[in-house]
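Residue numbers (our numbering): 35 to 251. Positions of the beta carbon are idealized from the N, C-alpha and C atoms, including for glycine.
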Amino acid sequence: MASACSASGRSLTDVELVAITKNNPAEVVAELVDLGQLHFGENRDQEASPKSVRLAELRPQSQAIWHFVGQLQSNKVKSVLKYARVIHSIDRESLVSELAKQLPKFEGNFSGFVELNLTNDEGRGGVLPENLAPLAESVLQLPNFELLGVMAVAGLGMDPAAEFEKVLIASGKLQELAPKATKLSIGMSEDFELAISMGATHIRVGSAITGPRPLNP
Ligand SMILES: *Cc1c(COP(=O)(O)O)cnc(C)c1O
35 MASACSASGR SLTDVELVAI TKNNPAEVVA ELVDLGQLHF GENRDQEASP
85 KSVRLAELRP QSQAIWHFVG QLQSNKVKSV LKYARVIHSI DRESLVSELA
135 KQLPKFEGNF SGFVELNLTN DEGRGGVLPE NLAPLAESVL QLPNFELLGV
185 MAVAGLGMDP AAEFEKVLIA SGKLQELAPK ATKLSIGMSE DFELAISMGA
235 THIRVGSAIT GPRPLNP
């Protein structure tokens with residue numbers, strides 16, 4: 035991260051590392067906490083919810099901030115808001131409606147990203163670029179919630195530079211209606227350096243930190 039930042043004249047403090055700990059036990063998260071890591075990301079509520087509880091037992095003093103980065107079913111929103119502060123995967127109106135219903139029941143501030151679908155497959159997570167604006171308008175109405183910007187996952191086998199270029203264009207469009215939503219959640223283990231050079235403010239890195247993920251956590 036440091037060399038990628040300096041290569042593109044950016045400050046390391048402008049890029050948040052979200053360590054993706056899915057398929058790894060709370061003990062691994064605790065080790066990362068001991069190393070000073072603050073932000074953690076998970077993609078399944080069934081796994082993340084007990085893990086957040088377990089981390090609080092293992093490291094009661096930890097200030098860990100949980101990010102939810104996976105496809106979020108509406109019926110999981112209530113559970114996810116109990117531990118996650120940042121939602122990276124807002125991708126449809128029905129999810130925004132559920133957030134509107136649940137957010138007032140929770141204290142503290144929440145924030146998140148609208149997830150962009152970079153493929154032509156509507157079944158994939160994320161909103162198609164042409165539908166980003168209306169969805170963002172809805173997110174801007176949410177109580178107690180700050181829209182940070184756009185999140186995306188580069189498609190498998192696609193050129194990540196071309197993929198991130200599409201994200202930058204969508205981000206520019208988003209900022210026409212939400213000038214403060216400038217953040218970019220792009221970049222994973224394979225492409226975080228490129229993502230940093232293209233303006234990532236949040237990188238979501240798993241296996242480059244934890245090693246290959248165990249299949250059965
Ligand atoms: C698993 C995951 C990551 C991290 O992937 P790595 O290749 O292990 O760095 C990032 N973002 C999302 C949405 C993920 O599901």
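Item: Simplified DSSP state of E171, which is helix, strand or coil; Value: helix
Item: Element boundaries [alpha helix (DSSP H), containing E156]; Value: No alpha helix (DSSP H) contains E156, which DSSP labels as neither H nor E.
Item: N58 classed as buried or exposed, judged by whether at least 16 other C-beta atoms fall within 10 angstroms; Value: buried
Item: Nearest neighbour of S219, chosen from E227, G183, L228, G206 [CA to CA]; Value: G183
Item: Contact test: G240 Cβ vs ligand 1 heavy atom, cutoff 7 Å; Value: yes
Item: At least 3 beta-carbon pairs within less than 8 Å: the segment 136-152 vs the segment 77-92; Value: no
Item: Alpha-carbon spacing of I230 relative to E199, whole angstroms; Value: 13 Å
Item: Candidates K112, A186, A53: closest to G70 by CA position; Value: A53
Item: Inter-stretch contact (C-beta, 8 Å, three-pair minimum) for the segment 156-166 and the segment 130-141; Value: no
Item: Length of the line joining the Cα atoms of A38 and E227; Value: 5 Å
Item: Reduced DSSP category for G75 - H, G, I as helix; E, B as strand; rest coil; Value: strand
Item: Span of the alpha helix (DSSP H) around S40; Value: 36-41
Item: Exposed unless 16 or more other CB atoms sit within 10 angstroms - verdict on E76; Value: buried
Item: Distance cut-off 7 Å: M192 Cβ against heavy atoms of ligand 1; Value: no
Item: Exposed unless 16 or more other CB atoms sit within 10 angstroms - verdict on A195; Value: exposed
Item: Classification of N151 by the beta-carbon crowding that lies within 10 angstroms, buried from 16 upward; Value: buried
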